[in-house]
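Structure, as structure tokens:
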Amino acid sequence: MDHPLMLLVWILEKLHLGDFAHAYPHVVYSWFFIIVLVVAGRLAVSKLTLVPGRAQNVAEVIVEQIAAFQEGLMGPKGRSFFPFMATLIIFVFVCNFNGLVPGSTSPTSNLNTTLALAIIIVATTHITGIRHHGFKYIKHFLGPAPFLAPLMFPVEVISHLARLLSLSLRLFGNIMGEDLVITVLFFLGGAFFILPLPMMFLGLFTGFLQSFVITLLAMLYISEALAHSH
147 MDHPLMLLVW ILEKLHLGDF AHAYPHVVYS WFFIIVLVVA GRLAVSKLTL
197 VPGRAQNVAE VIVEQIAAFQ EGLMGPKGRS FFPFMATLII FVFVCNFNGL
247 VPGSTSPTSN LNTTLALAII IVATTHITGI RHHGFKYIKH FLGPAPFLAP
297 LMFPVEVISH LARLLSLSLR LFGNIMGEDL VITVLFFLGG AFFILPLPMM
347 FLGLFTGFLQ SFVITLLAML YISEALAHSH
């Protein structure tokens, strides 16, 4: 096991579930959380009752809050994107939270993970625009007047490519910095594990905040692609 924060890999190897000696931490944890969330979602759906229990109540509140916020921001047209938005915010939050577990690491503290999420968001934005507006979607890149098109087109292309950097670097930088501080505090604290606790509580807030921000930006970008101004 080459990586110092690979608790999950150590467990999998002890259970003889494969050879992960050269695995990348962010890839292992990303796939682990994808599987966990898919299984949890299937189990939650299969056990729905008319009179919900505590777990179902919590799940319904989360779903309702995400749906209400999304509809308020994106309008009725945004309802079809609810599965994507709910998956995005829950997956990113779980990944962010994992860095608070001693011996683990956040997949989102790796630029490869956050860049992959950014590519998915930007690609979904433009695919949505093309599906809803057809070839007219290109007008979004040409500016308000035809004579401005040669100037506006490269500017718009650069600005949309910059979204990849903005989305990926913001999430990566915040989560990586948080994980590094917590790790350093654990090493400095020795037996006094209380030392990193204030930072870990702050990490809960920032982990949720960053998952909320990237989902909010995804909603704004897709709403822009759906706008009639195109």
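First residue of the sequence shown? That's 147 in the numbering used here, and the numbers climb one at a time after it.
Idealized CB from N, CA, C, for every residue including glycine.
Just so you know, these numbers come straight off a predicted model, no measurement behind them.
Is residue i buried or exposed, if buried means 16 or more other CB atoms sit within 10 Å of its CB?
i, result
"Ala264", "buried"
"Gly221", "exposed"
"Phe333", "exposed"
"Gly245", "buried"
"Ser176", "buried"
"Leu372", "buried"
"Phe347", "exposed"
"Phe237", "buried"
"Val182", "exposed"
"Phe281", "exposed"
"Thr195", "exposed"
"Ser255", "buried"
"Ile235", "buried"
"Ile360", "buried"
"Asn203", "exposed"
"Pro150", "Confidence in Pro150 is poor, its pLDDT being 44 and thus under 50, which makes the residue's placement too unreliable to answer from."
"Leu313", "buried"
What is the DSSP secondary structure of residue i, reduced to helix, strand or coil?
i, result
"Asp148", "In this prediction, Asp148 scores a pLDDT of 44, lower than 50, which makes its location untrustworthy; no coordinate-derived value is stated."
"Ser314", "helix"
"Lys193", "coil"
"Tyr170", "coil"
"Gly353", "helix"
"Gly218", "helix"
"Tyr175", "helix"
On the DSSP letters alone, give me the boundaries of the alpha helix (DSSP H) that residue i sits inside.
i, result
"Ala373", "Per DSSP, Ala373 belongs to no alpha helix (DSSP H) and is neither H nor E."
Does the beta carbon of residue i sit closer than 8 Å to a beta carbon anywhere in chain B?
i, result
"Thr259", "Reference to chain B is not applicable here, since this structure consists of a single protein chain."
Query raised in the report: How do the stretch 280 to 291 and the stretch 202 to 218 stand: do at least 3 beta-carbon pairs fall below 8 Å, yes or no?
Result: no
Query raised in the report: Can you list the alpha helix (DSSP H) stretches of 4 or more residues lying completely in the stretch 225 to 289, in chain order?
Result: The qualifying runs are 228 to 244 and 257 to 279.
Requested in this report: State whether the stretch 353 to 362 contacts the stretch 313 to 324, with contact taken as three or more CB pairs (one from each stretch) at a distance under 8 Å.
Outcome: yes
Query raised in the report: Do the stretch 323 to 331 and the stretch 277 to 287 make contact, defined as three or more Cβ pairs closer than 8 Å?
Result: no
**Report entry** Stretch pair the stretch 357 to 373 + the stretch 264 to 274: three plus CB contacts closer than 8 Å
**Finding:** Contact between the stretch 357 to 373 and the stretch 264 to 274 is present, because at least three Cβ pairs lie under 8 Å.
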